[in-house]
Each structure stands twice: as structure tokens, then as C-alpha cells.
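For reference, the structure discussed in these notes is given below.
There are 4 protein chains.
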Amino acid sequence: MAKPNGVSKQELIQYAKECLVEKGTEKFTLRAVADTAGVTQGTIYYHFRTKEQLLLSIVEDICEKSWYEISKSNTYVLKQAIASAKSRCSYNSFFHQLFILMTAASFKNEKIRNQLSEIMQAENQALSENLLKIWPASPVHGVSMEAWGIMFNAMVDGLAMQALLQKDFPVEKVYQEFEQIIEALTNLSEKEAAE
Amino acid sequence: MAKPNGVSKQELIQYAKECLVEKGTEKFTLRAVADTAGVTQGTIYYHFRTKEQLLLSIVEDICEKSWYEISKSNTYVLKQAIASAKSRCSYNSFFHQLFILMTAASFKNEKIRNQLSEIMQAENQALSENLLKIWPASPVHGVSMEAWGIMFNAMVDGLAMQALLQKDFPVEKVYQEFEQIIEALTNLSEKEAAE
Amino acid sequence: MAKPNGVSKQELIQYAKECLVEKGTEKFTLRAVADTAGVTQGTIYYHFRTKEQLLLSIVEDICEKSWYEISKSNTYVLKQAIASAKSRCSYNSFFHQLFILMTAASFKNEKIRNQLSEIMQAENQALSENLLKIWPASPVHGVSMEAWGIMFNAMVDGLAMQALLQKDFPVEKVYQEFEQIIEALTNLSEKEAAE
Amino acid sequence: MAKPNGVSKQELIQYAKECLVEKGTEKFTLRAVADTAGVTQGTIYYHFRTKEQLLLSIVEDICEKSWYEISKSNTYVLKQAIASAKSRCSYNSFFHQLFILMTAASFKNEKIRNQLSEIMQAENQALSENLLKIWPASPVHGVSMEAWGIMFNAMVDGLAMQALLQKDFPVEKVYQEFEQIIEALTNLSEKEAAE
DNA sequence: GATGAATGAGGTTTCATTCAT
DNA sequence: GATGAATGAAACCTCATTCAT
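Structure representation (C-alpha cells):
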């Protein structure tokens with residue numbers, strides 16, 4: 169009976185994201201989103217014309233958020249980036265669960281795939297640029313900064329995946345050792361530069 | 169050992185895996201599996217009591233296959249392991265798509281998660297052992313061999329994820345540079361050992 | 169006399185008619201009408217209280233138009249009436265499509281049915297009167313002028329139906345032969361009258 | 169819970185036809201058909217994969233029935249054909265209501281349209297052949313037998329439409345006068361042939 | 001052992017309609 | 001006078017599951 173109860177599109181997306189992670193792809197139904205948001209299914213259809221549109225909006229939202237993070241990343245240094253990655257890397261991490269769910273969905277949805285791909289490449293590049301700030305040269309001769317960015321990012325995602333699968337995954341320990349490796353690489357870099 | 173007009177359990181699993189990757193989680197229906205296998209839905213129910221059972225069988229199958237690979241890995245050396253990882257790391261890679269789909273499913277299914285987790289830890293360990301064969305000592309002081317195994321594995325998965333998302337991901341180039349890093353680490357390891 | 173940014177009732181009816189023929193009964197939704205008219209659904213409700221009211225207005229509109237035609241028909245002769253019928257009798261004819269759609273709707277809506285019935289009877293009568301002008305007597309003994317009107321009208325509608333169903337229906341040829349029959353009947357009429 | 173209760177596809181079509189005429193296009197829902205047939209909606213979907221398929225099956229059924237009638241028509245004579253037409257031409261006539269509903273649906277569905285068109289042409293031809301049996305020559309010079317078939321058929325449909333719209337349409341009277349016209353035309357035909 | 005017709009719960013989607021603004 | 005966000009009922013459709021055969 170048409171009371172404008174002021175649930176904005178953005179809020180709906182937030183509710184949808186929560187639903188998605190809470191219920192998993194399988195049980196991610198529009199009814200669930202509607203119930204969570206306290207509106208009727210019709211309302212969802214008024215804002216997003218299909219379920220796919222809602223999913224795409226979720227990806228867009230993730231991407232926008234990520235862009236914001238990335239745009240900040242030029243100023244903060246690698247250590248902070250890693251700290252941030254670690255914080256998102258825990259059993260039940262909202263962000264990575266969402267990302268993997270979306271990756272799974274992307275296999276059959278090019279639009280989703282393209283958007284995720286874009287954000288991933290942007291993250292790779294942001295990482296490369298950060299590395300440039302602390303490394304005068306590539307620590308290993310023949311390995312481009314671009315590649316370092318790709319690999320660091322890959323490792324962050326890979327560790328997150330392991331953490332999501334394994335309840336007692338030693339996040340603390342692994343990240344600590346990871347930072348030691350970075351330190352060692354930084355030393356190598358300086359030696360390389362000296363030559 | 170297929171029966172005259174029948175389909176063996178193992179064959180059904182194979183068909184199911186194909187369906188899953190071909191159709192995606194969303195459209196992975198028992199009817200689709202039945203159609204692909206050329207049997208009726210009833211037949212599937214004869215072999216698996218529920219859809220979940222079928223899914224679990226798929227994970228088990230993946231794991232068995234992986235165990236076999238791992239058991240071999242004790243004998244083959246790191247380079248071959250990486251070559252194998254690379255070969256599975258391409259846009260549309262069947263194996264990694266399946267693995268990510270299963271990971272996504274695992275978030276809401278503890279049995280699946282436990283199995284995937286086990287296999288992942290086994291792989292981590294196999295990698296550690298392989299590294300021990302070529303590294304006399306850890307290349308970086310304070311980083312355990314265990315951690316190196318975890319991180320290498322993480323990177324392989326992370327790279328696969330990027331490759332699945334990005335059509336023109338430079339697999340060749342990245343893996344080549346990855347191998348250069350390993351070489352450099354091997355040198356470092358030798359220096360460490362010499363001290 | 170359209171208001172600045174508004175849409176008059178008459179215009180809405182016109183848009184609705186177009187929608188109905190363009191989209192068919194199935195997809196004839198108030199949203200479609202609103203979109204076509206460039207207004208919102210609310211606006212339609214301002215002018216028509218229900219969808220049924222809009223439908224009825226469409227029938228009324230058709231009928232009014234038809235009354236106008238009929239009122240003219242007393243002056244123009246049969247040949248012109250037939251030419252007019254022929255022109256409306258082509259594959260994709262707007263008018264007859266609308267009429268048949270309305271007839272289909274009328275089966276479950278007495279108001280619509282009554283209005284369509286009235287206009288049909290008026291057309292029958294108008295045809296009879298026209299025939300009286302060119303026929304001194306009924307060409308066939310025992311057949312009333314009223315019946316001739318009914319039958320001529322029936323044939324015009326029946327031919328239209330065939331033309332709507334069959335893409336390559338030979339409208340030209342059939343109408344030409346129809347006129348020859350009328351001529352023959354006119355001769356008969358004169359003979360009858362002479363007796 | 170899966171009791172085969174033996175509702176055949178053919179029976180479902182019959183129930184669907186009844187529903188269609190009883191409820192009209194608008195209210196022709198699969199639930200209604202299911203309820204009428206005493207099965208669940210799922211059953212309908214087991215037999216017909218979509219609503220459109222069910223509609224098409226209805227048309228096919230009408231057409232098959234009509235083919236049967238037509239195949240008989242080569243033997244029975246015109247008078248009987250007209251008697252049959254008259255019997256189907258009454259207020260609430262099941263057959264013609266169905267036919268007009270389908271014609272309305274056909275405007276937006278080429279498959280339906282093509283099938284209806286075919287049956288109509290077959291009927292036209294069957295009528296022509298029947299006329300040949302009682303008319304030694306065309307009653308009006310220059311009017312082909314083919315055209316007579318088309319026009320007779322058109323008139324039968326047109327009269328049915330009027331009868332469906334008008335409760336007190338004088339079917340008896342009109343058909344009686346129609347037969348008189350045929351008689352007159354038969355006389356004309358004989359005169360023509362004599363020349 | 002295998003089938004396939006049938007189910008029923010629940011999914012996505014549509015749409016006439018309402019009402020605060 | 002006009003809007004458009006919101007509704008809720010009901011539409012079409014899917015699918016895991018059952019069971020007589």
C-alpha cells in the first residue's frame with residue numbers, strides 16, 4: 169500500500185551483500201534480500217529490474233569501494249597495504265567471501281567478470297606503484313615491477329582463500345613471515361641498485 | 169566396466185563435474201546432469217541420495233585426484249610442480265574453475281570445506297617438502313619451510329584466479345618471472361646455508 | 169489543447185490503442201501505456217480509475233469513430249464503403265486488429281460486448297440503407313435488405329480476419345471479384361424489380 | 169508425491185481449451201488449467217515446457233480436429249457444411265470463441281498465426297471443391313471458384329463473430345436467407361453453364 | 001536396477017493499484 | 001494535477017525429490 173519508507177538503492181545493495189555472504193550463492197534469494205531490508209519483493213524490482221541487475225550493482229559497489237581504497241593507497245605505504253590485506257584475511261572474512269562468490273558467479277557472466285577483472289588489474293598496478301616507492305630497483309634482475317605487483321596481489325588472494333577454507337589457518341604467523349620476506353627483498357633491491 | 173545400458177557412479181561424477189563448470193553453480197541442476205549423462209533424474213537418485221551427496225562426491229573426486237598428484241610430487245621436483253600449476257592456470261581452466269566453485273559452495277557446507285581444507289594443507293606440505301630438496305636452508309632467515317609452502321601455494325591459486333578473470337592475462341610471462349624469483353631465492357638459500 | 173507538460177485523456181487513449189495493437193493483449197500493461205505516453209503510471213490513474221476503465225474508453229473511442237463513419241455512409245454509396253473496407257483489410261491493419269482484440273476481450277466483459285454489438289448493428293443497418301439506394305429490390309426473393317446488410321458486413325469482417333492471418337492474402341483480387349458479384353446482384357435486383 | 173494419476177497430454181489440452189474459453193485470455197492461467205485438470209502446476213510443466221507450448225498444442229489440436237472435418241467435407245455436400253457452420257455459430261459458441269481468442273493471440277505469435285492460416289486456407293479450398301460439386305459453373309462470370317470459397321468462409325466467420333457479440337442475433341433467420349441466396353446462385357450457375 | 005510422471009515448495013518476475021508528497 | 005516509490009497478490013517457472021511401475 170505504497171508507503172515510501174525511504175530505503176535507498178544504496179541501502180538495498182548493502183542488505184543484498186550481507187544476504188549474499190550470509191546465505192551463500194545458493195540461498196541468495198530476492199525474498200531474503202527483501203526480508204532483510206524490510207521491504208517487499210516488488211520494491212526490489214522497482215529499483216533493480218532483474219536479479220542480475222542487483223548482482224551487477226553489488227559488483228559495482230565492491231569495485232567503487234575498492235577504487236576508493238586504491239586511490240588512497242598511493243599515499244600509504246606497502247606495510248599498511250599488507251596490514252589491510254591481513255585484516256581482510258580471516259576465516260569468515262566478509263570481503264573475500266564476497267569476492268570469491270562473485271568470481272564464481274563471473275564464470276558465467278561476462279559483465280561481472282569484466283568488472284572484477286578491471287578492479288583486479290587496478291589493484292595490481294597500485295601495488296606496483298607502492299613497491300616502486302620502497303624499492304629503488306627490482307630485487308631480482310629480470311623481474312618487472314609489474315610482475316611483482318601481480319604476484320603480491322595473487323598471494324594476498326591465495327592466502328585469503330586458504331584462510332577461508334581452514335578455520336585455524338595461522339594468519340598472524342604467515343603474515344609476519346611474509347613481511348620478513350619483503351624486508352629481505354628490500355635489502356636485495358638496495359644491493360641491486362648499488363651495482 | 170560400464171554396464172550394458174547403465175552408467176557407473178564414477179561416470180556420473182565426471183558428467184556432473186562437466187555440468188558444473190559448463191553451466192555454473194546457478195544452472196547446475198540434476199536434470200542437467202541427467203541430460204548430459206543421457207539418463208533420467210531417477211537414475212541419479214539411485215546412485216546419490218541427494219544433490220548434496222553428489223556435490224560431496226565431486227569434491228571427493230577432486231581430492232582423490234589431487235592426492236595422487238601430491239603423492240607423485242614427492243618425487244618430482246619444484247620446477248615440474250610449477251609447470252603443472254601453470255598448465256592449469258589459463259583462462260577457462262577446468263580445474264581451477266571447479267575449485268573456486270567448490271570453495272564458494274564450501275562457505276555454507278562444512279563437509280565440503282573440511283575436505284577442501286585438508287587437500288590444501290596436504291598440498292602446502294608437499295610443496296614444503298619439495299622446497300627442502302632444492303633449498304639447503306630457508307632463503308630468508310626466520311621464515312619456516314612450512315610458510316614457504318603455504319605462500320607458494322597461495323600464489324599459484326591467486327595467479328589462477330587472476331587468469332580466470334582476465335582473458336589476456338600474461339600467464340607465460342608471469343610464470344617465467346616467477347621462476348626467476350625462485351632461482352634467486354635458491355641462490356639466497358645457498359648463501360644462507362654457507363653462513 | 170494539451171496542457172503544458174500534461175497529456176490529455178484523448179491522447180492517452182490514442183497511446184493506449186497503439187500499445188494494445190503493438191504489444192498484444194498479453195503485454196498490454198499500464199506501464200507500457202505510461203512509457204509510450206511518456207508519463208508515469210500514476211498519471212494514468214489520474215485519468216482512468218482502473219485498467220478496465222481505460223479499455224472501455226478505448227472501445228468507446230472506436231465506436232465514436234465508427235459512428236462518424238456511419239453517419240457519413242448515408243451519403244456515400246456502396247462502392248465507397250467497400251473501398252474503405254478494403255483499405256482497412258490488409259495484413260497488419262490497425263483497425264481490425266484492434267477490433268478483434270476487443271472482441272476477444274468482450275467475451276468476458278459485458279460492457280465491452282454491448283458496445284461492440286451496438287456499433288456492429290449500426291453498421292449493419294447503415295449498409296442495408298446503402299443497398300436500398302442502389303437496389304430497387306432485393307436481388308433474391310425472400311431475402312430481406314436487413315439480411316443483406318448483415319451478410320455484407322460479416323463478409324467484410326471475415327475477409328479482414330483472413331487477411332490478418334495470412335500474409336499473402338490476395339486482398340486486391342478478392343475485393344475485385346466481390347465487386348463483380350455486387351454488380352451481378354444489382355442486375356438481378358433490377359430484374360426482380362421489373363417483375 | 170508422485171502418484172501417476174494418468175492425466176494424459178491430450179486430456180490436459182482438453183482441459184486447457186475449456187479453461188481458455190471459460191476464463192478468457194486474460195485469466196487463462198496455468199494454475200487454472202492445473203486446478204481444472206486436478207493436477208499440480210508442475211505436472212503441466214512436465215508435459216509442456218512453457219505456457220506458449222501449451223497454447224501451441226491447443227492450436228495444433230484445433231487444427232487436427234479441423235483437418236478431420238475437412239477431410240470428411242469432400243464427401244458431404246454444401247448444405248451439410250452450412251448446417252455445421254450454423255451449429256457452431258451461436259452466442260457462446262465454444263469453437264468460434266476459441267478461434268477468435270487464438271486469432272487475437274496470433275497477432276503476436278507467428279507460430280500460432282501460421283498454423284491458423286494454414287487451416288483457414290485448407291477450409292477455403294475444401295469449400296471451393298464442395299461448390300464445384302453443386303455448381304456446373306461460377307454463378308458470376310469472372311469470379312473464380314477459389315474466390316467463392318474464400319468469401320463463403322469469410323461470411324461464416326463474420327456471422328459467427330456477430331453472433332458472439334450479439335445475444336439475440338437471429339442465427340436461424342440469417343442462415344435461412346443465406347441458403348436462399350445459395351439457391352439463387354445455383355440457378356444462376358446453371359444458366360451460366362447453359363450459355 | 002532404472003524409469004519417468006508427478007509433486008510441492010519456493011524461486012523470479014509482473015502488474016494493477018495506492019498514497020505520501 | 002501529477003508523480004513515482006512501494007505494495008501484494010498472483011503469474012510463470014524451476015527443481016530436488018518421491019514412488020509406482
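Residue numbers (the numbering used here), protein chains in the order written: chain X, 169 to 363; chain A, 169 to 363; chain F, 169 to 363; chain S, 169 to 363. For each residue, glycine too, the CB sits at the ideal point set by N, CA and C.
Rounded C-alpha distance that separates residue i from residue j
i      : j      : result
F/A184 : F/I268 : 16 Å
S/M323 : F/V324 : 8 Å
X/N282 : X/S252 : 25 Å
X/K233 : X/Q178 : 12 Å
X/I350 : A/L222 : 43 Å
X/M329 : X/H264 : 8 Å
X/K279 : S/L188 : 41 Å
A/A202 : A/T208 : 5 Å
S/S285 : S/E228 : 12 Å
A/Q182 : F/Q182 : 59 Å
F/E358 : F/P304 : 6 Å
A/N292 : A/N321 : 6 Å
F/L295 : F/S239 : 11 Å
X/L224 : X/A273 : 10 Å
X/E345 : A/E314 : 11 Å
X/M270 : A/E194 : 12 Å
X/D336 : A/E220 : 25 Å
F/L356 : F/R256 : 29 Å
A/K254 : A/Q248 : 10 Å
A/E190 : F/L266 : 46 Å
Neighbour flag for residue i against chain S, beta carbons, 8 Å
i      : result
F/V342 : yes
F/S225 : no
F/Q315 : Checking the sequence, you will find Ala at residue 315 of chain F rather than Gln. Yes, contact with chain S.
F/E358 : no
Contact with chain F by residue i, beta-carbon distance below 8 Å
i      : result
S/F346 : yes
S/A352 : yes
S/V339 : no
Test: residue i CB closer than 8 Å to a CB of chain A
i      : result
X/A234 : It is worth fixing the name first, because residue 234 of chain X is Ser in this sequence and not Ala. No, X/S234 lies away from the interface with chain A (no Cβ there is under 8 Å from its Cβ).
X/I349 : yes
X/S258 : no
X/G210 : no
X/S312 : yes
Beta-carbon proximity of residue i to residue j, cut-off 8 Å
i      : j      : result
A/L333 : X/M288 : yes
X/E360 : X/S306 : yes
A/T211 : A/E186 : no
S/W316 : S/L299 : yes
X/S258 : X/V342 : no
F/K276 : S/G310 : no
A/I230 : A/E347 : no
X/T218 : X/I302 : no
S/A352 : S/S261 : no
S/L180 : S/H215 : yes
Below-8 Å beta-carbon distance, residue i vs any chain X residue
i      : result
A/A290 : no
A/V308 : yes
A/Q334 : yes
Name the residues in the stretch 318-332 of chain F whose C-beta lies less than 8 Å from a C-beta of chain S; which are they?
-> I318, M319, N321, A322, M323, V324, D325, G326, L327, M329, Q330, L332
Scan the stretch 263-288 of chain S for residues whose Cβ lies nearer than 7 Å to a Cβ of chain F and list them as they occur along the chain.
-> Q265, I268, L269, T271, A272, S274, F275, K276, R281, L284, S285, M288
What residues in the stretch 194-207 of chain F bring their beta carbon closer than 9 Å to a beta carbon of chain S?
-> E194, K195
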